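Each position in the sequence shown, counted from 1, maps to that position plus 33 in this note's numbering.
See below for the structure under consideration.
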Amino acid sequence: MTDKHALILPNKGQTATAIHLIDKAGLPDFIKSLSTPQRAALAAQKFEAEGYSYAIVPDGDHWFVVSGVANVNSLSSWCMAKLAEVLPPGTYRRAGGEPGVALYGWVTGQYKFDRYRSDPGEDGPRILLTKEVKAIDTALAEAAATALVRDLVNTPAEDMGPAQLEHEAQLIAKAHGAEFKVTHGDALERGFPMVHGVGRAAARSHAPRMIELHWGDPKHPRIALVGKGVCFDSGGLDIKPSSGMLLMKKDMGGAAHALALAQLVMQAQLKVRLHLLIPAVENAISGNAFRPGDVLRSRKGLTVEIGNTDAEGRLVLGDALTRAGEEGPELVIDFATLTGAARVAVGPDLPALFTRRDETADEMLKSGAANDDKCWRLPLFDGYREYLKSDVADISNNSSNGFAGASVAALFLDRFVPEGTDWAHFDTFAWRPAAKPGRPKGGDALGLRAAWGLLKGRYG
Numbered sequence: 034m035t036d037k038h039a040l041i042l043p044n045k046g047q048t049a050t051a052i053h054l055i056d057k058a059g060l061p062d063f064i065k066s067l068s069t070p071q072r073a074a075l076a077a078q079k080f081e082a083e084g085y086s087y088a089i090v091p092d093g094d095h096w097f098v099v100s101g102v103a104n105v106n107s108l109s110s111w112c113m114a115k116l117a118e119v120l121p122p123g124t125y126r127r128a129g130g131e132p133g134v135a136l137y138g139w140v141t142g143q144y145k146f147d148r149y150r151s152d153p154g155e156d157g158p159r160i161l162l163t164k165e166v167k168a169i170d171t172a173l174a175e176a177a178a179t180a181l182v183r184d185l186v187n188t189p190a191e192d193m194g195p196a197q198l199e200h201e202a203q204l205i206a207k208a209h210g211a212e213f214k215v216t217h218g219d220a221l222e223r224g225f226p227m228v229h230g231v232g233r234a235a236a237r238s239h240a241p242r243m244i245e246l247h248w249g250d251p252k253h254p255r256i257a258l259v260g261k262g263v264c265f266d267s268g269g270l271d272i273k274p275s276s277g278m279l280l281m282k283k284d285m286g287g288a289a290h291a292l293a294l295a296q297l298v299m300q301a302q303l304k305v306r307l308h309l310l311i312p313a314v315e316n317a318i319s320g321n322a323f324r325p326g327d328v329l330r331s332r333k334g335l336t337v338e339i340g341n342t343d344a345e346g347r348l349v350l351g352d353a354l355t356r357a358g359e360e361g362p363e364l365v366i367d368f369a370t371l372t373g374a375a376r377v378a379v380g381p382d383l384p385a386l387f388t389r390r391d392e393t394a395d396e397m398l399k400s401g402a403a404n405d406d407k408c409w410r411l412p413l414f415d416g417y418r419e420y421l422k423s424d425v426a427d428i429s430n431n432s433s434n435g436f437a438g439a440s441v442a443a444l445f446l447d448r449f450v451p452e453g454t455d456w457a458h459f460d461t462f463a464w465r466p467a468a469k470p471g472r473p474k475g476g477d478a479l480g481l482r483a484a485w486g487l488l489k490g491r492y493g
């Protein structure tokens, strides 16, 4: 990615190209303010102030930019993102106002994943100036967290297995002085038997592990962030078709979200005692892979019948959520690319949100709307718990029918969160199938800023 620290700078009157943001209501008056040649240039480019449209207008020996927005008095994170992608490299400032929340999209619009390209084709940064100096660090921190999610998710599984995910988490822990712990081998089998069971068939280089990070004053409120770290999901012995396997490098997207959110918490020095947990595995196929019909014992002591080895994410999360609960957190948030059913229900752009408490759902939904990171609540309906009944074990990992798949998966997780604990579960896609301004195709953060807004509101 382009050096994000150079993409937003304080406005100190330096030379810069002006950007005029215009909505349809203000277009007639703006046109009146132009010279005849400038009006002709605008007309030649058929500029009508449509969202994300733009035009280049001559201004003596220089030029300025005109860009359409829905409402010039209520900007979104994305209203200048297209400009950050298409304008020539250089320095820019908004004319007649400040970019505000659009600072974030200005940075994320210049994200590129070019790790594997022999010629990245970098053509220099687009720098945006602002007088709202305090907003710079906030925008850069959130954009950096988003870039972290994108980088981790976009990296192929061979280079982003459990060991590499551990390395990334360790770098962040070290940067913020956090305590870091990894459980693997025999200790993993004893302490986190479902994590071990899911990951035991992988090659030694991709062996399963539980990654934990502790940070903050133990006297502060305890919160836990948990992320599904299935670095590749073949489906196990219930093997996925090739079309379903193609994007499974993104199945650690929940871990990427949790890690990025932990980074934001530590950077902002929130007054919390943070516990990050990432069960990192590869759901592979070999002679010792766990099988349909097997019964796994969980860290909590519940036995789980395996109805489908492709429903493995909830297994590793079950052990991680149990461990999180042992610290007595007042809030638990988990992220997981958990079910295709959630994508059928709400599509790729809306993470499905499950909470025990209505007030937490309301808080999260409002935060998502305020931060241009909307999510959609789905039900934790007690009536569907019977779908997880097993004839031989305490619970099954697979629904007895095809109904309400996302809710049933969330109800499985609910069994491993202590009663009474405030808990939010994001069933996120972590992937953008088509590019939008500020949001390129590929790995993406969906639900991250919603959760961050809630944490800032409670603990900031």
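For glycine and all other residues, C-beta sits at the position ideal for the given N, C-alpha and C.
No experiment lies behind these values; they were computed from the predicted model shown.
Q.
Can you tell me whether Ser109 is helix, strand or coil according to DSSP?
A. Position 76 of the sequence shown, counting from 1, holds the residue named residue 109. In this structure, Ser109 counts as coil in the three-state DSSP scheme.
Q) Is the CB-CB distance between Ile55 and Arg126 below 9 Å? A) Stepping through the sequence shown from its first residue, residue 55 is reached at position 22. Stepping through the sequence shown from its first residue, residue 126 is reached at position 93. No, they are not a contact pair.
Q. Nearest-angstrom Cα distance between Ala117 and Ala468?
A. Locating residue 117 in the sequence shown gives position 84, counting from the first residue. Locating residue 468 in the sequence shown gives position 435, counting from the first residue. Rounded to the nearest angstrom, the two C-alpha atoms are 14 Å apart.
Q | Exposed unless 16 or more other CB atoms sit within 10 angstroms - verdict on Glu315 | A | Sequence index remark: in the sequence shown, residue 315 carries index 282 (1-based). Burial call: buried.
Q. Quick one: complete beta strand (DSSP E) runs, 3+ long, within the stretch 167–238?
A. 212–217
(Q) Is Pro254 close to the ligand MG? I mean its beta-carbon at under 8 Å from any heavy atom of the ligand. (A) Among the components modelled here there is no ligand, and therefore nothing to report on the ligand MG.
Q. Given that a residue counts as buried once 16 or more other Cβ atoms are within 10 Å of its Cβ, and exposed if not, what is Gln296?
A. Within the sequence shown, the letter at position 263 stands for residue 296. Gln296 is buried by the Cβ-count criterion.
Q. Is DSSP giving Asp94 helix, strand or coil here?
A. In the sequence shown, the residue the question calls residue 94 occupies position 61. In this structure, Asp94 counts as coil in the three-state DSSP scheme.
(Q) Give me the DSSP bridge partner(s) of Asp455. (A) Residue numbering aside, residue 455 sits at position 422 when the sequence shown is read from its first letter. Paired residue(s): Leu364.
Q | Beta-carbon gap between Val365 and Leu258 smaller than 9 Å | A | Translated into positions along the sequence shown, residue 365 becomes position 332. Translated into positions along the sequence shown, residue 258 becomes position 225. Yes, these two residues count as a Cβ contact at 9 Å.
Q. DSSP three-state call for Asp415: helix, strand or coil?
A. The residue labelled residue 415 in the question sits at position 382 within the sequence shown. Looking at Asp415 - three-state DSSP - the assignment turns out to be helix.
(Q) I need the straight-line Cα distance from Pro325 to Tyr420, nearest angstrom please. (A) Position 292 of the sequence shown, counted from the first residue, corresponds to residue 325. Position 387 of the sequence shown, counted from the first residue, corresponds to residue 420. Taking the straight line from one Cα to the other gives about 17 Å.
Q. Is the number of C-beta pairs between the stretch 161–170 and the stretch 209–216 that are closer than 8 Å three or more?
A. no
Q: Could you tell me how far apart the beta carbons of Leu246 and Ala289 are, in whole angstroms, since I believe they sit closer than 8 Å?
A: The count along the sequence shown starts at 1 and reaches residue 246 at position 213. The count along the sequence shown starts at 1 and reaches residue 289 at position 256. About 14 Å separates the two Cβ atoms, so there is no contact after all.
Q | Tyr85 versus Asp62: straight-line alpha-carbon distance, rounded | A | Along the sequence shown, read from residue 1 onward, the residue named residue 85 stands at position 52. Along the sequence shown, read from residue 1 onward, the residue named residue 62 stands at position 29. Their Cα atoms are separated by approximately 20 Å.
Q. Beta-carbon separation of Asp427 and Thr336 under 9 Å?
A. As a working note, residue 427 is residue 394 in the sequence shown. As a working note, residue 336 is residue 303 in the sequence shown. Contact flag set, yes.
Q | Proximity below 9 Å, CB of Thr461 to CB of Leu479 | A | Reading the sequence shown from its first residue, position 428 is the one you call residue 461. Reading the sequence shown from its first residue, position 446 is the one you call residue 479. Cβ atoms of Thr461 and Leu479: closer than 9 Å.
Q. Alpha carbon to alpha carbon, how far is Ser423 from Glu338?
A. If you number the sequence shown from 1, residue 423 lands on position 390. If you number the sequence shown from 1, residue 338 lands on position 305. Approximately 7 Å between the Cα atoms of the pair.
Q) Quick one, are the C-beta atoms of Gly269 and Ala317 less than 9 Å apart? A) Along the sequence shown, read from residue 1 onward, the residue named residue 269 stands at position 236. Along the sequence shown, read from residue 1 onward, the residue named residue 317 stands at position 284. It is a contact, given that the beta carbons lie within the stated cut-off.
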